[in-house]
Amino acid sequence: MEKISRKKIVDILKYSSEVGVKINVKGWVRSKRGNKNINFIALNDGSSILNIQLVVEVEKFSESLLKSITTGACISAIGELVASQGQGQSLEIHVDEIQVYGEADPLTYPLQKKGHSLEFLREIAHLRPRTNTFSAVLRIRHAMAYAIHKYFNDNGFFYMHTPIITGSDCEGAGQMFQVTTLDLTNISKDKLGEVIYDDDFFGKPTSLTVSGQLEGELGALALGAIYTFGPTFRAENSNTPRHLAEFWMIEPEVAFNEIQENMDLAEDFLKYLTQYALDNCSDDIAFLNEMWDKELISRLHFVANNKFVRLSYTDGVAILEDAVRNGHKFEFPVCWGTDLQSEHERYLVETHFNCPVILTDYPKEIKAFYMKLNEDNKTVRAMDVLFPKIGEIIGGSQREDDYEKLKGRIEDMDIPIKDMWWYLDTRRFGSAPHSGFGLGFERLLLFVTGMSNIRDVIPFARTPKNAAF
RNA sequence: UCUUCAGUAGCUCAGUCGGUUAGAGCACCUGACUGUUAAUCAGGGGGUCGUAGGUUCAAGUCCUACCUGAAGAGCCA
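Just so you know, we're using our numbering here: the first sequence kicks off at 548 and counts up by one.
Given below as structure tokens:
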């Protein structure tokens, strides 16, 4: 083969189209069609959703070589880049040389050029990045991860790495996966039947983190503004299109921010990310809009350009009670003091306001111990950002910075205070008002990609009874 | 975990009220076509109807259990 440097298809089609020049492309065959004189190969190298068309004159190549080029095969091709004679694409390559790197036996290769369900693709998660849909999702996933770091870096936040293995079982966000090196077939127990952890790796029970928030607060009360962005684990038996056992979470935490500034940050952050996706992932988003969700692009524009509605839990309940009086039927009753059901949140977001909603000031009984108590002594400075279709995309709060009040809340909730001494110390020494929130990365991706199942926006989903690949 | 729905060819699906030999498109094989656009056209091969029981003269179709998947709910991000 001639020594001609390889070009990425995205660069050829989007940036440098030097017509008349010989170039080399390498990628995977999406489809081959044609007749006995001429073949057309749609080649994709993952650099974008776009394919380049290879034009192959049949007489120039051996029958066996052309026969081995099937959907899914990996090839390298050299030829002249020319303006296309056909409709449907502006450029194409008239191929002189082809090398087949890897064949894909069409009888056993699971992917075809037509019609796969997302459910089927989940069963072949090792191959689904080869599809248009998943390559698009994965490129957007990358772009969003980059945009998150860029946003925080540009706004003076420091990226803080909070521990993945935690010794505190009071992070307050659900069931945890235990981490142990004990021999599970031979556990030592004391006279009361309790497991003896002295010989475990850390000499105490440990788990995978369910949130980096508590450590994040320590960072914010030293560096001013930090964020975490890392894997998070919940051992809940949740079987829904919105839950994963292993997911990625972004948790900014800012000293001196009160609840209003926390809301400002959350709204600005989400709008920035939405606009970044529109600006930088337009081909992939256009594909997903066409293929899966015809309202995707308009929804992204709407969120990027409209103010979120902000209202208190109390006002939200009043709206829901009004709706009930006007004949709207909910499965669950609405009353002040109970947590809002999914149907209630959906009514506010999708029916009443038809806009993202930030709900604040929830009753203290239904929220976590670390949230700052309001003057009414009944509500806390919590905020949930609710999005259409996805529901809660962000949960956050202003944190309780008063030592005595925080200690009281910990005791009220029967959290072992001896494990919380380091957290309480931040309120003993140089305490400050501060706020933060958690954004579920995959929920953000549900919104940005228009996909409807969270298992389709992460390369390898971890859900109850499923840890394949 | 609860409720509901689904499981038929490698993939996507149809299959009427329980009735004779279970169909289509794609993929694969053979052939046609001088530029296709998930190419098209003609022909061909390909099925333990999720598994196990049961009802019936007769079950892809009805019943029971289980397995798997999905949607809704709970928990939450």
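Every residue gets a Cβ at the ideal spot worked out from N, C-alpha and C, and that includes glycine. Since we're looking at a predicted model, the values are computed, not measured.
{"Query": "For A1014, is the classification buried or exposed, using 16 other Cβ atoms within 10 angstroms of its Cβ as the cut-off for buried?", "Result": "exposed"}
{"Query": "Do you know how far the Cα of H790 is from the Cα of G619?", "Result": "32 Å"}
{"Query": "Assuming V1032 contacts I941 under a Cβ cut-off of 8 Å, what Cβ separation, rounded to an integer in Å, is found between them?", "Result": "Lying outside 548 to 1016, the shown extent of the chain, residue 1032 is not represented and no answer is given."}
{"Query": "Please give me, in chain order, every unbroken run of the alpha helix (DSSP H) with length at least 4 that falls completely inside the region 855-885.", "Result": "860-872"}
{"Query": "Kindly identify the DSSP beta-bridge partner or partners of P799.", "Result": "Y774"}
{"Query": "Among V605, V896, W883 and R893, which has the Cα closest to the Cα of I913?", "Result": "W883"}
{"Query": "Applying the criterion that 16 or more other CB atoms from any shown protein chain within 10 Å of the CB defines a buried residue, is Y823 buried or exposed?", "Result": "buried"}
{"Query": "According to DSSP, is W969 part of a helix, a strand, or is it coil?", "Result": "helix"}
{"Query": "From which residue to which residue does the beta strand (DSSP E) around S623 run?", "Result": "C621 to A630"}
{"Query": "Quick one: what's got a C-beta closer than 6 Å to V766's C-beta in the same chain, skipping five residues either side?", "Result": "The amino acid at residue 766 is misidentified as Val; the sequence shows Gly. Excluding residues within five positions, the ones whose Cβ falls inside 6 Å are M707 and I773."}
{"Query": "Could you check which residue in C621, M838 and S754 has the C-alpha nearest to that of H663?", "Result": "M838"}
{"Query": "Run through the DSSP bridge pairs and tell me what N591 is partnered with.", "Result": "W575"}
{"Query": "Taking T753 as part of the alpha helix (DSSP H), name the residues at either end of that continuous run.", "Result": "Note, T753: premise wrong, no alpha helix (DSSP H); beta strand (DSSP E) at T753 to L755."}
{"Query": "On the three-pair Cβ rule with 8 Å, is the region 982-994 touching the region 730-739?", "Result": "no"}
{"Query": "What residues in its chain sit with their C-beta under 8 Å from that of I844, if we drop five residues either side in the sequence?", "Result": "L825, I832, A833 and N836"}
{"Query": "What are the uninterrupted segments assigned as beta strand (DSSP E) that are 3 or more residues long and contained completely in the region 929-976, given in chain order?", "Result": "938-945"}
{"Query": "In its own chain, which residues sit with a C-beta less than 6 Å from the C-beta of N571, not counting the 5 before and 5 after it?", "Result": "I551, R553 and I625"}
{"Query": "Just the Cα atoms here: how many angstroms apart are V1022 and L847?", "Result": "Here the chain covers residues 548 to 1016 and nothing more, so residue 1022 does not appear."}
{"Query": "Could you check the C-alpha separation between N921 and A851 for me, to the nearest Å?", "Result": "31 Å"}
{"Query": "Evaluate Y909 with the Cβ neighbour count: other Cβ atoms within 10 Å of its Cβ, from every protein chain shown; 16 or more gives buried, anything less gives exposed.", "Result": "buried"}
{"Query": "Taking Cβ to Cβ, would you say L665 is nearer than 8 Å to R677?", "Result": "no"}
{"Query": "Throw me the rounded Cβ distance for the G763 and T779 pair, which I believe falls under 8 Å.", "Result": "Not quite, the Cβ-Cβ distance comes to about 12 Å (not below 8 Å), so this is no contact."}
{"Query": "Tell me, please, which residues DSSP counts as bridged to T1010.", "Result": "N1013"}
{"Query": "When you compare only the Cα positions, how much space is there between H891 and L867?", "Result": "7 Å"}
{"Query": "In the structure shown, what three-state DSSP assignment does F988 receive?", "Result": "helix"}
{"Query": "Tell me the rounded alpha-carbon separation between N1018 and K876.", "Result": "This structure cannot settle anything about residue 1018, because the visible part of the chain is limited to 548 through 1016."}
{"Query": "Near L590, which residues of its chain fall below 8 Å by C-beta distance, leaving aside the five closest residues on each side in sequence?", "Result": "I556, V572, G574, W575, V576, R577, N598, I599, Q600, L601, I622 and A624"}
{"Query": "When you compare only the Cα positions, how much space is there between L895 and E814?", "Result": "18 Å"}
{"Query": "Quick one: is I585 buried, meaning 16 or more other Cβ sit within 10 Å of its Cβ, or exposed?", "Result": "exposed"}
{"Query": "Could you tell me whether the region 635-649 touches the region 681-693, where touching means 3 or more Cβ pairs closer than 8 Å?", "Result": "no"}
{"Query": "Looking at the unbroken alpha helix (DSSP H) that takes in E814, where does it start and where does it end?", "Result": "I806 to N827"}
{"Query": "Determine the closest residue to A979 out of L755, G593, L770 and D745, with distance taken between C-alpha atoms.", "Result": "L770"}
{"Query": "Rounded to a whole number of angstroms, what is the C-alpha to C-alpha distance between R669 and D830?", "Result": "23 Å"}
{"Query": "Helix, strand or coil for L920? Go by DSSP, reduced to three states.", "Result": "strand"}
{"Query": "Between the alpha carbons of T787 and E565, how many angstroms are there, rounded?", "Result": "49 Å"}
{"Query": "Could I get the ranges of all uninterrupted alpha helix (DSSP H) runs contained in the region 643-699, with 4 residues as the minimum, in chain order?", "Result": "665-670"}
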